[in-house]
Structures are given as C-alpha cells and as structure tokens.
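S.K.: When you line the sequence shown up against full-length UniProt numbering, it's residues 1 to 141, in that order.
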Amino acid sequence: MKEKLLWLQNYLKETYDTPILENFLGLEVSALEEGKIVYTAKIVDRHCNMYGFIHGGTLASVSDIAMGVACITLGKKVVTIDMNISYIKNAPAGSIITAIGQVVGNGRTIMRATGEIYCEQQLLVRSQASYFVTGEFGEGR
C-alpha cells in the first residue's frame, strides 16, 4: 500500500473513534486503494426503519461516505454537490453490508464517483455523485 494510503487508513481509524456519523454507522475499512474504498458494517436496530429494515437514509449516508472517501484517496478534500441513489433491495437488522465507492472522474474542481452497497451477493443500492474539490487532503492538513 502506498505511504499516502497508509496515512489515510490510520487517519480514518483515529477519526472513526470520535462521535461522527461514520462511527454511528459502524463503518470499517475492508480495502483501500487509490480511487476506491470498500467498507463493511453490521446493521443494528439504530440503522433501521420501523419495519426492521435498513433505513433509506442509512443507505444514502453510507453511499455518500464511500464515494466521498474514494475521492479523498486521491488526495483531495471534497464536498458533495449532487447525489443520485437507486434503492434496489433491502435487508434486515443483523445483516452485514459491503459498500464500495469508486472514483470515475478525477477533475481539478469536480470529481465523480459511483457507489454500490451489497448484502452478501445481493445488490441493495446503486449510487453516483459529484463532488466539489475544496483543496488538498493529506498529512498535516
């Protein structure tokens, strides 16, 4: 793993020990490379709607985080400017989900990324988003 990605992985571990949304969601980094990240998370009751299934807002948040962090792997600070999400299937509390974020456009001011969330082999969500580049992201920043 490149030094930059190793630093990012350590930064994420430290950050995810603080009370931020990623911590609430229980995201764990499974794989990290330039332009791509894979998270896993166990879905618990606090992530679910009144029917006991993963809340759409939970899935949208996980998608946005995965796509945004995929952008960060390329050393850029970004904020979401638009996002489209398609809900395909749902899963109940107790499920383990896998979220994949991947950069598909690496512009100087605008980045584009895609996201997919799975429960086992079943596709739950497909998403895409645009991100505005606000600066560089890296050690000491």
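Positions of the beta carbon are idealized from the N, C-alpha and C atoms, including for glycine.
1. Beta-carbon within less than 6 Å of residue 114's beta-carbon, same chain only, minus the 5 sequence neighbours each way: which residues are those?
2. Evaluate residue 111 with the Cβ neighbour count: other Cβ atoms within 10 Å of its Cβ, from every protein chain shown; 16 or more gives buried, anything less gives exposed.
3. Could you tell me the distance, in whole angstroms, from the CA atom of residue 87 to the CA atom of residue 56?
4. To the nearest angstrom, how far is it from the Cα of residue 75 to the Cα of residue 23?
5. Put residue 115 into one of helix, strand or coil per three-state DSSP.
6. If contacts are defined as beta-carbon pairs under 8 Å, then residue 8 and residue 73 qualify, I think. What distance do you get, rounded to the angstrom?
7. Report yes if the CB atom of residue 91 is closer than 8 Å to the CB atom of residue 65, and no otherwise.
8. Is the CB-CB distance between residue 20 and residue 29 below 8 Å?
M.R.: A quick look at the data gives this:
1. If we look at residue 114 and ignore the five residues flanking it on each side, its Cβ neighbours are 102, 104 and 128.
2. In summary, residue 111 is buried, with 16 or more beta-carbon neighbours lying within 10 Å of its beta-carbon over all protein chains present.
3. Each residue's Cα considered, the two are about 8 Å apart.
4. Near 22 Å, if we compare the C-alpha coordinates of residue 23 and residue 75.
5. Three-state result, residue 115: strand.
6. Right, the Cβ-Cβ distance comes to about 6 Å (below 8 Å), so this counts as a contact.
7. Not in contact: residue 91 and residue 65 (Cβ atoms no closer than 8 Å).
8. With respect to the 8 Å criterion, residue 20 and residue 29 are not classified as neighbours on the basis of their beta carbons.
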